[in-house]
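There are 2 protein chains.
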Amino acid sequence: MADKKVEAITSRDEDFAKWYTDTVVKADLTGYTSVKGFMVLKPAGYAIWELIQSQLDKRFKETGVENVYLPLLIPESLLQKEKDHVEGFAPEVAWVTHGGLSELQERLCVRPTSETLFCDFYQKDITSYRDLPKVYNQWCSVVRWEKETRPFLRSREFLWQEGHTAHATAEEAEERTIQMLNVYADFCEQVLAIPVVKGQKTEKEKFAGAVSTYTIEALMHDGKALQSGTSHNFGDGFAKAYNVQYADKDNQLKYVHQTSWGVTTRLIGAIIMVHGDDNGLKLPPLVAPTQVMIVPIMQKKEGVLEKADELCERLSKVARVKVDKTDKSPGFKFAECEMRGIPVRVEVGPRDIENNECVLVRRDNGEKITVSMDNLEQEVSTLLETIQKDMLETARAHRDSHTYVAKNWDEFVDIVNNKPGFIKAMWCGETECEENIKAETGATTRCMPFEQENLSDVCVCCGKPAKKMVYFGRAY
Amino acid sequence: MADKKVEAITSRDEDFAKWYTDTVVKADLTGYTSVKGFMVLKPAGYAIWELIQSQLDKRFKETGVENVYLPLLIPESLLQKEKDHVEGFAPEVAWVTHGGLSELQERLCVRPTSETLFCDFYQKDITSYRDLPKVYNQWCSVVRWEKETRPFLRSREFLWQEGHTAHATAEEAEERTIQMLNVYADFCEQVLAIPVVKGQKTEKEKFAGAVSTYTIEALMHDGKALQSGTSHNFGDGFAKAYNVQYADKDNQLKYVHQTSWGVTTRLIGAIIMVHGDDNGLKLPPLVAPTQVMIVPIMQKKEGVLEKADELCERLSKVARVKVDKTDKSPGFKFAECEMRGIPVRVEVGPRDIENNECVLVRRDNGEKITVSMDNLEQEVSTLLETIQKDMLETARAHRDSHTYVAKNWDEFVDIVNNKPGFIKAMWCGETECEENIKAETGATTRCMPFEQENLSDVCVCCGKPAKKMVYFGRAY
Numbered sequence: 018m019a020d021k022k023v024e025a026i027t028s029r030d031e032d033f034a035k036w037y038t039d040t041v042v043k044a045d046l047t048g049y050t051s052v053k054g055f056m057v058l059k060p061a062g063y064a065i066w067e068l069i070q071s072q073l074d075k076r077f078k079e080t081g082v083e084n085v086y087l088p089l090l091i092p093e094s095l096l097q098k099e100k101d102h103v104e105g106f107a108p109e110v111a112w113v114t115h116g117g118l119s120e121l122q123e124r125l126c127v128r129p130t131s132e133t134l135f136c137d138f139y140q141k142d143i144t145s146y147r148d149l150p151k152v153y154n155q156w157c158s159v160v161r162w163e164k165e166t167r168p169f170l171r172s173r174e175f176l177w178q179e180g181h182t183a184h185a186t187a188e189e190a191e192e193r194t195i196q197m198l199n200v201y202a203d204f205c206e207q208v209l210a211i212p213v214v215k216g217q218k219t220e221k222e223k224f225a226g227a228v229s230t231y232t233i234e235a236l237m238h239d240g241k242a243l244q245s246g247t248s249h250n251f252g253d254g255f256a257k258a259y260n261v262q263y264a265d266k267d268n269q270l271k272y273v274h275q276t277s278w279g280v281t282t283r284l285i286g287a288i289i290m291v292h293g294d295d296n297g298l299k300l301p302p303l304v305a306p307t308q309v310m311i312v313p314i315m316q317k318k319e320g321v322l323e324k325a326d327e328l329c330e331r332l333s334k335v336a337r338v339k340v341d342k343t344d345k346s347p348g349f350k351f352a353e354c355e356m357r358g359i360p361v362r363v364e365v366g367p368r369d370i371e372n373n374e375c376v377l378v379r380r381d382n383g384e385k386i387t388v389s390m391d392n393l394e395q396e397v398s399t400l401l402e403t404i405q406k407d408m409l410e411t412a413r414a415h416r417d418s419h420t421y422v423a424k425n426w427d428e429f430v431d432i433v434n435n436k437p438g439f440i441k442a443m444w445c446g447e448t449e450c451e452e453n454i455k456a457e458t459g460a461t462t463r464c465m466p467f468e469q470e471n472l473s474d475v476c477v478c479c480g481k482p483a484k485k486m487v488y489f490g491r492a493y
Numbered sequence: 018m019a020d021k022k023v024e025a026i027t028s029r030d031e032d033f034a035k036w037y038t039d040t041v042v043k044a045d046l047t048g049y050t051s052v053k054g055f056m057v058l059k060p061a062g063y064a065i066w067e068l069i070q071s072q073l074d075k076r077f078k079e080t081g082v083e084n085v086y087l088p089l090l091i092p093e094s095l096l097q098k099e100k101d102h103v104e105g106f107a108p109e110v111a112w113v114t115h116g117g118l119s120e121l122q123e124r125l126c127v128r129p130t131s132e133t134l135f136c137d138f139y140q141k142d143i144t145s146y147r148d149l150p151k152v153y154n155q156w157c158s159v160v161r162w163e164k165e166t167r168p169f170l171r172s173r174e175f176l177w178q179e180g181h182t183a184h185a186t187a188e189e190a191e192e193r194t195i196q197m198l199n200v201y202a203d204f205c206e207q208v209l210a211i212p213v214v215k216g217q218k219t220e221k222e223k224f225a226g227a228v229s230t231y232t233i234e235a236l237m238h239d240g241k242a243l244q245s246g247t248s249h250n251f252g253d254g255f256a257k258a259y260n261v262q263y264a265d266k267d268n269q270l271k272y273v274h275q276t277s278w279g280v281t282t283r284l285i286g287a288i289i290m291v292h293g294d295d296n297g298l299k300l301p302p303l304v305a306p307t308q309v310m311i312v313p314i315m316q317k318k319e320g321v322l323e324k325a326d327e328l329c330e331r332l333s334k335v336a337r338v339k340v341d342k343t344d345k346s347p348g349f350k351f352a353e354c355e356m357r358g359i360p361v362r363v364e365v366g367p368r369d370i371e372n373n374e375c376v377l378v379r380r381d382n383g384e385k386i387t388v389s390m391d392n393l394e395q396e397v398s399t400l401l402e403t404i405q406k407d408m409l410e411t412a413r414a415h416r417d418s419h420t421y422v423a424k425n426w427d428e429f430v431d432i433v434n435n436k437p438g439f440i441k442a443m444w445c446g447e448t449e450c451e452e453n454i455k456a457e458t459g460a461t462t463r464c465m466p467f468e469q470e471n472l473s474d475v476c477v478c479c480g481k482p483a484k485k486m487v488y489f490g491r492a493y
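Here is the structure:
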């Protein structure tokens with residue numbers, strides 16, 4: 018049975034897309050209903066989101082963020098006030114046209130994002146400089162009418178948080194935009210064990226209505242990039258469109274400066290694609306709903322289940338731990354632990370009990386460690402920290418060894434075709450070059466990283482003087 | 018300034034409805050946008066919901082509940098499979114008819130509740146007795162196209178949790194239905210300090226599609242009842258409509274038995290209407306985002322703000338505490354603390370510092386207590402527990418002194434007209450009598466309480482033999 022279940026996962030190198038779908042299904046993260054393009058987050062999937070949410074929310078609140086909740090539906094006239102924004106979103110929203118038994122006078126769209134609602138709210142709620150800054154966030158779901166969908170990566174509805182802030186000055190808004198990008202980057206590295214590149218999006222790739230968009234970009238195991246979080250500075254563009262003004266200390270009316278920033282359940286897709294292997298999911302301990310699974314060996318022998326329960330009780334003080342007491346074979350249980358990405362497996366059988374030992378098995382590298390039962394709490398808790406750190410280092414090593422430099426067009430084309438990964442290259446700053454590169458190779462600008470390097474003096478595409486070093490890549 | 022702000026709240030006895038709205042606005046719980054019938058939960062309001070959510074979620078998980086997330090939209094054909102259910106909800110749902118730029122082949126309703134989706138999901142997810150029970154819950158928002166709306170009590174969108182379970186047997190389903198009602202009742206009493214009557218809804222008042230609906234009913238300060246949480250046993254009705262079957266141990270296909278149960282942001286309305294007074298909100302400590310506000314007196318004097326900060330630092334170990342350092346007058350700050358319902362105010366000024374004392378002021382009864390600073394953590398933490406307990410007792414005393422017995426129709430009419438509160442009376446069990454009572458007096462059956470009493474042998478309305486003792490009341 019155990020082997021059969023493991024075999025059902027397609028090999029990662031053979032067909033990454035199919036491996037991804039298999040892993041999502043076998044790890045029991047999502048389910049289906051009759052609602053096309055929408056997914057069900059099952060307990061194993063939702064519990065990961067809960068851990069992301071609680072840890073990220075704590076980091077938000079440490080920077081002064083307050084949570085709120087705004088309406089699900091947006092009147093069409095409200096959406097239309099900011100021209101770029103409505104053009105960006107109108108083609109992909111769902112429209113409510115009937116409420117109860119009657120047709121609405123004005124149709125309402127299901128929020129694809131809530132800039133317009135926050136503006137409308139701030140317009141009513143902000144009057145004086147004393148009301149600033151507003152640093153609000155909401156946890157909710159949004160709807161975008163995608164044609165092709167894939168669990169976590171692209172679906173018609175997804176869960177996310179959206180922060181929306183209003184400030185007295187442009188400087189403060191820019192500072193908050195960068196601050197939240199840093200919160201995301203730090204969270205991805207420290208909690209999800211995913212290293213990211215921080216940088217600015219080009220004009221072409223920035224958010225509809227933003228002055229500047231910043232992004233964190235992660236590299237998946239297959240060498241494709243995943244935009245993992247964005248933070249936008251709106252300047253006073255939205256404030257002007259929605260008339261969000263405040264009376265300053267000198268009693269002059271001024272426009273506020275706004276930001277927004279968000280991450281989504283897409284992060285779960287990133288965890289799968291950065292860390293997973295041919296045995297299934299690998300969860301970093303900090304987002305593993307079950308961190309330790311105790312598997313009793315020869316569990317019908319006297320004293321085995323009792324010992325397993327005793328260890329579980331002890332370990333519950335330092336970790337999220339369970340005992341698998343089902344009547345499946347140990348081999349099946351091992352495979353299931355691996356499939357579900359549980360960071361540490363504890364094996365305990367009659368011989369172990371005799372020797373006052375048990376075996377710890379690491380999901381990240383398969384290593385088996387025999388330890389004394391006396392000191393198990395300490396052993397497990399140290400091991401979880403080690404795994405968390407090692408998973409980040411492994412992901413970083415993979416990312417670094419799949420980041421290439423292209424100094425000219427031939428090199429660029431060769432890398433895109435033969436070496437999946439990030440490509441660092443110089444760029445002239447023209448949208449035309451960006452579009453040519455995309456059309457020729459499928460690679461897009463991921464970001465202009467904060468850490469600039471001077472790789473050459475000319476644009477990798479047109480040969481004109483270069484302005485920026487850019488990360489390129491094929492992306493999800 | 019302080020008095021002015023307090024005066025702005027209409028007196029509770031003069032106009033309870035206006036008092037309610039004033040309190041919601043002055044305590045800064047909700048805000049407005051241009052979306053008619055929808056409300057904004059502002060930080061002070063949303064933080065109460067977060068405290069409700071985290072404490073209730075913990076209680077759920079202790080009973081084995083797992084959280085999931087199901088789609089926001091429901092295809093019309095799916096909604097229509099259970100006849101009673103669709104009749105109950107169709108008149109009040111919002112319909113999505115367009116996705117992106119094209120009209121949908123089938124319209125989708127924004128979930129008013131998710132029984133149909135859970136059935137659809139369980140139909141795909143359950144195959145064997147080994148898959149049972151499923152004890153799932155989701156935290157989300159739902160939409161119901163109400164005509165008249167009031168913050169927290171009735172709005173076109175509200176936040177809630179909806180639990181949906183599937184079981185092998187009818188007994189297990191009934192047990193879970195009652196178990197969750199008890200979780201709600203216990204939560205309301207212990208956390209919200211609101212005593213509730215537990216009982217069963219009559220046929221007329223039960224949920225669309227349910228075999229039986231259980232409810233907790235609370236009494237507001239004005240003597241009106243508020244249905245505060247419900248738990249439904251569906252039997253196998255939904256399972257038959259949606260074909261949710263499992264193979265039992267004997268390999269026979271059987272229908273599952275289902276339940277659902279929910280509470281909403283309406284609970285915040287209950288907190289306001291049970292505990293509030295003419296100075297504003299009164300929050301039970303366990304759901305107070307700020308439990309203690311330190312108000313420095315003569316804060317410009319040397320050492321006052323430093324001492325306030327020091328006390329705040331110390332108290333932060335036992336409570337959610339803040340210092341109000343704004344340049345408003347102490348009187349204004351006191352009024353604001355009261356308006357926002359903060360359970361304990363700590364006053365500390367130069368003379369207090371000299372005497373190594375400070376003054377604790379209880380929001381619930383206005384009592385002032387001078388205590389030594391030495392033992393402040395213990396004093397405050399004990400005081401918060403006392404307030405929590407006293408608020409429940411005060412609410413219980415009010416509820417009990419506003420619960421009346423009507424033995425005949427004259428008594429019933431007299432009570433409805435002159436003594437707002439619960440009315441206990443005997444009932445024959447006929448819907449016709451229930452409808453007559455409602456038409457004549459505006460009072461509805463709130464529940465048939467689990468704790469039955471034999472008040473008389475005949476129905477209070479028709480005089481025929483009585484079957485049940487019922488709680489009646491005018492309700493929100």
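These protein sequence lines map, in sequence, to chains C and U. Quick note, the first sequence lines up with residues 18 to 493 if you use our numbering. Quick note, the second sequence lines up with residues 18 to 493 if you use our numbering. In this text, a Cβ means the ideal position worked out from N, Cα and C, and glycines have one as well.
The three-state secondary structure of residue 309 of chain C, taken from DSSP, is strand.
With fewer than 16 other beta carbons inside 10 angstroms of its own, residue 456 of chain U counts as exposed. In summary, residue 118 of chain U is exposed, with fewer than 16 beta-carbon neighbours lying within 10 Å of its beta-carbon over all protein chains present. Annotation for residue 90 of chain C: 113, 125, 126, 127 and 128 place their beta carbon closer than 8 Å to its own, counting only its chain and skipping 5 residues before and after. Proximity to residue 228 of chain U across U:177, U:216 and U:250 peaks at U:250, based on C-alpha coordinates. The stretch 218-283 of chain U is shown to contain whole beta strand (DSSP E) runs of 3 or more residues at 229-236, 242-252, 262-264, 270-272 and 274-281, in chain order. Per the C-alpha coordinates, the member of U:32, U:420, U:53 and U:136 positioned closest to residue 240 of chain U is U:420. Taking 8 Å as the upper bound for CB-CB distance, residue 393 of chain U and residue 273 of chain U are not in contact here, some 55 Å apart. Contact annotation: residue 99 of chain C and residue 136 of chain C have beta-carbon atoms nearer than 9 Å.
Close partners of residue 49 of chain C in chain U (Cβ separation under 8 Å): 138 and 141. Residue 234 of chain U is positioned such that its CB atom lies no closer than 9 Å to that of residue 248 of chain U. Just so you know, the alpha carbons of residue 437 of chain U and residue 86 of chain C end up roughly 34 Å apart. Around residue 112 of chain C, the beta-carbon contacts reaching into chain U at under 7 Å are 113, 114 and 115. Residue 146 of chain U has a beta carbon lying at 9 Å or more from every beta carbon in chain C. Under the three-state reduction of DSSP, residue 184 of chain U is assigned to strand. Taken in chain order, the members of the stretch 81-104 of chain C whose beta-carbon sits within less than 9 Å of a beta-carbon on chain U are 83, 84, 85, 86, 87, 88, 89, 90, 91, 92, 94 and 95. Beta-bridge partners of residue 47 of chain U (DSSP): U:58.
When DSSP assignments are scanned along the stretch 104-154 of chain C, the uninterrupted stretches of beta strand (DSSP E) that are 3 or more residues long and fall wholly within it turn out to be 111-116 and 119-127.
Here residue 280 of chain C is near residue 73 of chain C, since their CB atoms are less than 9 Å apart. In this structure, the straight-line span from the alpha carbon of residue 84 of chain C to that of residue 195 of chain U is close to 33 Å. No residue range can be given for residue 479 of chain U, since it is assigned to no alpha helix (DSSP H) and is classified by DSSP as neither H nor E.
In the displayed model, residue 368 of chain U falls within a helix according to three-state DSSP. Straight through space, the alpha carbons of residue 217 of chain U and residue 232 of chain U are spaced by roughly 6 Å.
Apart from the 5 residues on each side of it in sequence, residue 28 of chain U sits with its Cβ closer than 8 Å to the Cβ of 36 and 295 in its chain, given in chain order. Cα atoms of residue 254 of chain U and residue 340 of chain C: separation of roughly 36 Å, rounded to the nearest angstrom.
Taking 7 Å as the cut-off between beta carbons, the residues of the stretch 156-167 of chain C near chain U are 158, 160 and 162, in sequence order. It is roughly 50 Å from the alpha-carbon of residue 120 of chain U to the alpha-carbon of residue 268 of chain C.
By the Cβ criterion, the stretch 295-304 of chain C is not in contact with the stretch 183-197 of chain C, since fewer than three pairs of Cβ atoms, one from each stretch, lie closer than 8 Å.
With its beta carbon at least 9 Å from every one in chain U, residue 457 of chain C lies outside the interface. Secondary structure of residue 488 of chain C (DSSP, three-state): strand. Taking the Cβ atoms as the reference, residue 483 of chain U lies roughly 6 Å from residue 445 of chain U, within the contact range of under 8 Å. Interface flag for residue 66 of chain C against chain U is set, since a Cβ pair is found closer than 9 Å. Ranked by how close their Cα comes to the Cα of residue 464 of chain U, the residues U:475, U:140, U:486 and U:167 have U:486 in first place.
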